[in-house]
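**Q** Chains as they are written, first to last, in my numbering: chain A, 1 to 235; chain B, 236 to 470.
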DNA sequence: TTGAACACTGAGCAATGATCAGTTATGGGT
DNA sequence: ACCCATAACTGATCATTGCTCAGTGTTCAA
């Protein structure tokens, strides 16, 4: 009868029983599942550790048995989101052999995943943080960041190869890679940040963004077979 | 960044004397100037109202004589940022007669102002709210937003004109305008959000982004006289 | 000189993320 | 059947945050 507080026993989503001896990792999963739902629904800042703990069925301090900080819970979720993107990239590499088409498909799937999981995208790519590029100090830090590095490097390598094979014009590869990140990121970020703005059709914007990049990068003589033109309609 | 508590009054930047009767507006200016410096140096969240007040030479509560909230201090700074951008646009329109070159210069100055005022840019363009397009409720809100609408419409009109005059290829103007917003926004947002990422040279990124857009939009036969090529160097 | 409007302060509130000394339950070893 | 080390967890409490409010001093027109 210690903890039972009948008055305030609200919506404990999962088993709130004390975990058996070796099953602490289940708590980790529960915390992550509920944290993800709450972060997506309310945003990271709006979720307090007290409310999160309450929904998990723990005291607030109990969270700190499994995570060093609130931020670390977010980090764990980011790790998994990287996996989603990476596996989509890998599938494209298997399914498509033409590098230029891979470039298109890779950008497109990146945008689509971002728009389909806006809150996760915000968490990973729109928060000011230095998570991606392997400058971490902590021990676990490095492994976690390398996932993010892979996502960036994937597109990087693709662009490099397209330049080297002469499909894209000769240009500074690092600059080109980063430019090829900006436009998709801008598209996702804008659509997420201003969802009520009178945007054009989502697919038209994605197509146009990608084709604009391709047109800007393509070597003078080179014309892609599967080139989709920018929409020609007026207004 | 820990507070190294000085024994007494540390670094009061401006006159900390009590203002005479009608001179409260001077305090407003002082608060804004110091707040701007601190926001840029440390970031909005890292600046506490107590430290801000201390530097201004006021008690923390004294800030609330002039501003309803910490957020409102930032809002006031944002208002001025709109003005900065708009007047830069106007000067370009005066100084440059070629529309394509206006397009380049307009995008460039937008990016430069964004990167030079990251805190304001984040608040204005990266927040998940509808600040820009006139859906505000509050009284002063409307006037503030209309400034933002002007900034967006300026680029919009420019792109429309370039399509109409045949410099840009025939395409859906709305889509093109929005694509022309995404890439610069992506550039600014990425550089702000991940300041420590190993980005290429800032100017190279701006040039490449703009030239990529131009190349993507330019009508097939049209070659601009002042066309800067993408950098040709390797690595 | 007066008194109302103004400029400003000190104390304090509720909420936050984090810490820590303790408490309870578990289960392998005996 | 009973240890008892320890994993799992709690209650109390911390410092810090943005913000409020009752009140104190100051200024200046009348």
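All C-beta atoms in this analysis are idealised placements derived from N, C-alpha and C, irrespective of residue type, glycine included.
1) Does the Cβ of residue 237/A have 16 or more other Cβ atoms within 10 Å, making it buried, or fewer, making it exposed?
2) Note down, in chain order, every chain B residue with its Cβ under 7 Å from the Cβ of residue 209/A.
3) What three-state label does DSSP hand residue 218/A in the structure shown?
4) Taking the alpha helix (DSSP H) that residue 402/B belongs to, which residues open and close that run?
5) Taking Cβ-Cβ distances shorter than 8 Å, what residues in chain B pair up with residue 213/A?
6) How close, in whole Å, do the beta carbons of residue 193/A and residue 362/B come, if the pair is a contact with beta carbons under 8 Å?
7) Within this structure, are the beta carbons of residue 411/B and residue 394/B separated by less than 8 Å?
8) Less than 8 Å between the beta carbons of residue 472/B and residue 399/B, yes or no?
9) Where does residue 149/A fall in DSSP's three states?
10) Should residue 353/B be labelled buried (16 or more other beta-carbon atoms within 10 Å of its own) or exposed?
11) How many Å lie between residue 388/B and residue 408/B at the Cα?
12) Taking the alpha-carbon of residue 440/B as reference, which of 264/B, 431/B, 421/B and 315/B has the nearest alpha-carbon?
13) At least one CB of chain B closer than 8 Å to the CB of residue 127/A: is that the case?
14) Compare the C-beta of residue 389/B with all C-beta atoms of chain A and state if any pair is closer than 8 Å.
15) Residue 84/A: buried (16+ other C-beta within 10 angstroms of its C-beta) or exposed?
16) Select from the stretch 346 to 358 of chain B all residues with a C-beta closer than 7 Å to any C-beta belonging to chain A, and list them in chain order.
17) Please report the residue range of the alpha helix (DSSP H) in which residue 64/A lies.
18) Cβ of residue 413/B within 8 Å of Cβ of residue 200/A?
19) Taking residue 319/B as part of the alpha helix (DSSP H), name the residues at either end of that continuous run.
20) Residues of the stretch 193 to 205 of chain A with a CB closer than 9 Å to any CB of chain B: list them in chain order, please.
21) Measure the alpha-carbon distance for residue 167/A versus residue 26/A and round it to whole angstroms.
22) Do we get a CB-CB distance below 8 Å when we pair residue 305/B with the residues of chain A?
23) Which same chain residues, not among the five before or five after residue 209/A, have their C-beta less than 7 Å away from its C-beta?
24) In angstroms, rounded to a whole number, what distance separates the CA positions of residue 307/B and residue 217/A?
25) Determine the direct distance from the alpha carbon of residue 40/A to that of residue 51/A, and round the result to whole angstroms.
26) Go through its chain and collect everything with a Cβ distance to residue 155/A's Cβ below 7 Å, but skip five positions before and after it.
27) Using DSSP with H/G/I as helix, E/B as strand and the rest coil, what is residue 116/A?
28) Between which residues of its own chain and residue 311/B is the CB-CB distance below 7 Å, once the five residues before and five after are set aside?
29) List the residues of chain B that residue 185/A touches, going by C-beta distances under 7 Å, in chain order.
30) So what does DSSP say about residue 36/A, is it helix, strand or coil?
31) With DSSP collapsed to three states, give me the class of residue 155/A.
32) At a Cβ threshold of 8 Å, is residue 411/B touching chain A?
33) Where residue 358/B and residue 42/A are concerned, what is the direct C-alpha to C-alpha distance, given to the nearest angstrom?
34) Straight-line CA distance for residue 67/A to residue 88/A?
35) Residue 186/A by DSSP, collapsed to three states: which one?
36) From residue 272/B to residue 355/B, what distance separates their C-alpha atoms?
**A** In this structure, then:
1) Residue 237/A cannot be examined here, being either before or after the span of chain A that is shown, 1 to 235.
2) 414 and 417
3) strand
4) Looking at the DSSP string, residue 402/B is not in any alpha helix (DSSP H), and its letter there is neither H nor E.
5) 447 and 451
6) 7 Å
7) yes
8) Lying outside 236 to 470, the shown extent of chain B, residue 472/B is not represented and no answer is given.
9) helix
10) buried
11) 12 Å
12) 421/B
13) yes
14) no
15) exposed
16) none
17) 63 to 66
18) yes
19) 305 to 330
20) 193, 194, 195, 196, 197, 198, 199, 200, 201, 204 and 205
21) 50 Å
22) no
23) 183, 184 and 187
24) 43 Å
25) 15 Å
26) 106, 177, 180 and 181
27) helix
28) 267
29) 421, 424 and 425
30) helix
31) helix
32) yes
33) 19 Å
34) 29 Å
35) helix
36) 12 Å
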